[in-house]
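Participant: The sequence shown begins at 34 in our numbering and counts up by one. Every residue, glycine too, gets a C-beta built ideally from N, C-alpha and C. This one's a predicted model, so the numbers in the text were calculated from it and none came from an experiment.
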Amino acid sequence: MNFDEIKKSWNNQSIQAEKVTEETLLTSKSRLPLDRIRKNTLQDIILQTSAVIGIAFFPQLHAMPEDKWFFFYGIYILFAFVSFYYIIKMALFYRSSSTFEMNSRDSLYEVYFQTRMYVQLYENFCFSLAPFVLFFIPFFTKIPLNKINLLFTKWYFLVFLILSSASVFFICRLWIKRLYGRYLKQIKETLDQFKTVADE
34 MNFDEIKKSW NNQSIQAEKV TEETLLTSKS RLPLDRIRKN TLQDIILQTS
84 AVIGIAFFPQ LHAMPEDKWF FFYGIYILFA FVSFYYIIKM ALFYRSSSTF
134 EMNSRDSLYE VYFQTRMYVQ LYENFCFSLA PFVLFFIPFF TKIPLNKINL
184 LFTKWYFLVF LILSSASVFF ICRLWIKRLY GRYLKQIKET LDQFKTVADE
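(1) Compare the beta carbon distance of phenylalanine 160 and phenylalanine 202 with 8 Å and say whether it is the shorter of the two.
(2) Just confirm the distance between the C-beta atoms of leucine 196 and serine 130, as a whole number of angstroms; I'd bet it's less than 8 Å.
(3) First and last residue of the alpha helix (DSSP H) that includes glutamate 143?
(4) Considering only the alpha carbon of each residue, which of Glu134, Phe146, Leu162 and Pro98 lies closest to isoleucine 120?
(5) Closer than 8 Å is the cut-off here; do at least three beta carbon pairs connect the segment 143-151 with the segment 212-225?
(6) So, are the CB atoms of leucine 191 and leucine 167 less than 8 Å apart?
(7) For threonine 74, which three-state DSSP category applies?
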């Protein structure tokens with residue numbers, strides 16, 4: 034076979050490019066990010082519930098003076114109410130997300146919207162816990178209860194509070210991005226591909 038015959042044979046071959054459709058986008062990419070988000074949500078529910086229950090035993094485990102217990106548990110009750118409110122919301126999202134349909138672009142938009150709302154709820158949860166972390170700190174110092182309020186008049190303690198608050202917010206942002214942000218981004222990328230397919 035000479036070069037001209039090879040060239041003619043090559044030109045006669047029809048190369049079939051696989052057509053990208055909504056169905057292939059849905060089956061190939063969409064479910065995996067949602068499954069990862071659901072798995073992380075379940076792990077988070079278990080972790081947060083264990084943490085809230087575990088904090089109740091801190092006074093006994095850290096030999097906190099008994100005169101601080103009343104105020105500690107006063108703050109702890111508020112902390113537990115706030116935490117369990119958000120944990121229940123997380124559990125409701127986890128349960129409802131098992132019924133999410135992934136069979137059309139519209140249903141994927143709904144999944145994206147619901148998941149984004151959940152991530153915002155989770156952000157609120159993390160940020161609402163930040164003040165409690167700061168309120169719990171004085172209880173683990175050896176300063177007598179009647180002198181704790183004097184800490185707030187010291188400039189170095191105020192600087193410590195500001196830096197601690199900034200650290201908590203920064204850690205929360207990283208935690209949210211690691212657990213949920215990248216998977217939410219993958220769902221958004223799939224939606225963008227739908228738009229590209231629709232425009233073709």
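Facilitator: Reading from the atomic positions:
(1) Their beta carbons are under 8 Å apart, which means phenylalanine 160 touches phenylalanine 202 by this criterion.
(2) That pair is no contact at about 37 Å.
(3) 138-169 is the span of the alpha helix (DSSP H), which, as asked, contains glutamate 143.
(4) Cα-wise, what sits closest to isoleucine 120 is Leu162.
(5) In short, these stretches touch, since the Cβ pair count reaches three.
(6) Against a cut-off of 8 Å, the Cβ pair of leucine 167 and leucine 191 comes out as no contact.
(7) Note: threonine 74 maps to helix in three-state DSSP.
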